[in-house]
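The next block holds one structure in the form of structure tokens; read it before the comments.
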Amino acid sequence: MKKIIAFAAALCITASAAFTAQPFGIISPESVSFTVSAANEKISDNGVIYTMFDGYAAVTGREANTVNVVIKPEINGVPVTTVFSTAFNSDKSIEPDSVTVITDRSFYQCTALKSVKLPETLTAIGGKVFTGCTALEEISIPDSVSSFGREIFSGCTNLKSVNVPQSLTEIPYWAFSNCISIENIDIPDSITKIGEGAFRCCYNITSIELPDSLEYIGEYAFIYCEALSEINFPDSLKSIGQNAFCNCEMLKEVNLPEGIECLESGVFQATGIESIVLPSSLTEIGNFLFINCKSLKNAVINSDINEISESMFDNCSALESVTLPDSVQIINDSAFSGCTSLTDINFSDRILSIGTDAFSDCKIPSIHIGADTEYIAPLAFSDCTGTVITIDENNKYYSAEDSVIFNKDKTSLISAAAYPSASYTVPQSVTEISEYAFNNSDISEITFNEGLLKIGKGAFSHSAITELNLPSTLIEINDSAFLGCNFTKIVLPENLKKIGDEAFENCTALEEVILPESLSEIGDYAFTECKNLKEITIPANVKKIGYDSLGYNYYFNGPWETVKNSDFTLSGYSGGIAEKYASDNNIPFNSLGEVSYKGDINNDKTIDASDALDILSLIVSGNTADSEIADVNGDGQVTSEDALMILNYIVGNIYL
């Protein structure tokens, strides 16, 4: 008896279909029911149990000691057309001579099955038919098969060789996924589409010959084919789906054909590609196309695309040169981030927009920004110390001086990421330091001129600055402005109104903070993780102290959480927000006297809409003569203007 492996499940075909010329479809086992009663005759022949039905027979089991099975084409004069799904779960070989269709899951997880001989009568194989047949080593599929189901050989970890029949036009979803022993596979000229994940995690495939008929390679088709080193792309190819060759680490050479139109996101992510030419026919390029291609040295883009997609060359640390077409107008976020070897890139004067981290950590000698550029993201040139940045004098939006980027009239400092020296003086004209302008900067000494009003979000976060002398004109320090800095002492200026969320978070060396009498609000987590800050005095005018902003450190408990600093003491005024914060957080409190707030009409230590309503009630009742707290604007009268000031304070338009 032949040692052939494979079958075991639900071939659900009606007797009439077996004898007529009608085309066979793949029939789901759930869609067909069989009723087996005592009246159905059972016949055992060579260890195979057949059950007789009206006009046909089905294989329903085997004798206990039978391991190699041959299914007869007919029994007692009627055709055998069906194999029930539980018939052969432990068999080593099966030879089904008369079968025309194998339905879904027929041999699903038949872990003993080693080989299968499929009959020339077979026209269709359903989904997951051989999924999980981990012992299956070889199978020959006849050219009569014109339809494959999904995941047909998925997880056949010992399958070493398989042929794809000439009659197929598509290799379906996950067809050979996790077939880790396959080294080569022949794909016939009839195939126009390779489906999603078709060869996913086929770790030992070394080469693929794609047919001239192929038009589409689906997403994840060859992902994690780590040994794949050779593949051809035919002229017929139009599109490659996302992550199709992701993590094909041995793939070093790729020649894309003229005629290809679409490369979706991450197609060649983390491959071993050393150079690439993108043809002129490309009209669509997805994000993350070559991210983490650490061997890629040269890239030429011949396509007339108008943007470089997000993270297109992100972390391509060996990339030395890039040729961009003149059509490019937008360079998206992280497009060349981490390209530490990039020294040669042609920067078109037509660039309109440069995204966040577009060139972060690049070492390009010089970049000239043209007259047409309308937007430069705050972190566009992060960690580009030493790059000479110039901007066309006719640019309407930006200017540059010593590689520092400003708005046109130099009232806003946008980025000092490329500034080459350790000390810097902010120009007199600057009224605002924009968000992330000095983020992660190596500048250790900064001089501020009077006139500065606002420091933006993250402006000096994780910078090397060690001493802070802020001008008296400063009004706002915004979120994360000095996060992670190394100050030991801070004296904040006399007109400061606001300290934003996380403004001095994680300043672990900070020991002393002096807050001005002008200060109105302290944001959430403003001084969290300032482990060496043991005491702080809250001025009388402070009306808001944010969540866990004082006296707390972080600890990791799955997510990061806050824990109270047991050595921390808060000083402030009784009856004010400082005492309330200390009480709410069980922090030792040192009273400096009594305080009441203008605008806190109901004396609940919070200024909100209810106080505005109370002012209006006072006005209506006429009881305004002794209401000094209600005179918010200090004009000696209690009017609707005072209520309006409270509402403006609540929405952040003014400070009180």
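Taking our numbering, the leading residue of the sequence shown gets 1, the next gets one more, and so forth. Here a beta-carbon is modelled for each residue, glycine too, at the ideal position from N, C-alpha and C.
- Taking a C-beta distance under 8 Å as the contact criterion, ILE615 and ALA630 qualify as a contact pair.
- In this structure, ILE185 keeps its C-beta atom at 8 Å or more from the C-beta atom of LEU214.
- Cβ-Cβ separation between ILE354 and ALA377: approximately 6 Å, consistent with a contact (criterion under 8 Å).
- Put simply, the backbone Cα of GLY370 is about 19 Å away from that of THR343.
- DSSP places TYR649 in the uninterrupted alpha helix (DSSP H) bounded by 640 to 650.
- Under the rule that a run must span 3 or more residues, the beta strand (DSSP E) segments found entirely inside the region 488 to 532 read 489 to 491, 512 to 514.
- A straight-line Cα-Cα distance of about 12 Å links ASP104 and SER147.
- The beta-bridge partner set that DSSP reports for ARG62 consists of VAL48.
- In this structure ASP235 is exposed. Its beta-carbon is surrounded by fewer than 16 other beta-carbon atoms within 10 angstroms.
- Note on geometry: alpha-carbon atoms of ASN232 and LYS128 lie some 29 Å from one another.
- Cβ-Cβ distances below 6 Å link GLY197 to TRP174, SER177, TYR220 in the same chain, with the five nearest sequence neighbours on each side left out; the list follows chain order.
- Unbroken beta strand (DSSP E) runs of no fewer than 3 residues, entirely contained in the region 420 to 446, are found at 423 to 425, following chain order.
- Bounds of the beta strand (DSSP E) holding TYR398 are 398 to 401.
- In the structure shown, the three-state DSSP call for ALA578 is helix.
- The three-state reading of DSSP puts ASP104 in coil, since its state is none of H, G, I, E or B.
- Beta-bridge analysis with DSSP links CYS262 to SER239, GLU284.
- Counted as a single uninterrupted DSSP element, the beta strand (DSSP E) harbouring ASP186 occupies residues 184 to 186.
- The three-state reading of DSSP puts SER317 in coil, since its state is none of H, G, I, E or B.
- Distances from the alpha-carbon of ASN247 to those of GLU284, SER583, CYS293 put CYS293 closest.
- If you draw a straight line from the Cα of GLU307 to the Cα of ARG350, it comes to about 11 Å.
- For LEU570, the pairing in a beta bridge is given by DSSP as ILE536, PHE589.
- Under the three-state reduction of DSSP, VAL277 is assigned to strand.
- Between the beta-carbon of VAL595 and that of GLY576 there is about 4 Å, and that keeps the pair under the 8 Å contact cut.
- Residue SER140 holds the alpha-carbon nearest to the alpha-carbon of GLN166 among ASP357, SER463, LYS363, SER140.
- GLY55 sits exposed, since fewer than 16 C-beta atoms from the chains shown fall within 10 Å of its C-beta.
- Pairing PHE568 with SER610, the inter-Cα distance amounts to about 33 Å.
- Taking the Cα of GLU467 as reference, the smallest distance to any Cα among SER327, THR488, LEU256, ILE260 is reached at THR488.
- Its chain contains LYS193, SER239 as the residues whose beta carbon lies nearer than 6 Å to that of TYR216, once the 5 sequence neighbours on both sides are disregarded; these appear in chain order.
- With a cutoff of 8 Å on beta-carbon distance, PRO142 and VAL164 are scored as not near each other.
- Per DSSP, reduced to three states, the secondary structure at LEU413 is strand.
- Look at ASP635 here: in three-state DSSP terms it is coil, with no helix or strand label.
- Distance from ILE522 to ILE545 at the Cβ level is roughly 5 Å; contact confirmed, criterion being Cβ atoms closer than 8 Å.
- ASP344 carries a strand assignment under DSSP once its states are collapsed to helix, strand and coil.
- For SER621, the three-state secondary structure derived from DSSP is helix.
- Put simply, the backbone Cα of VAL254 is about 49 Å away from that of GLU445.
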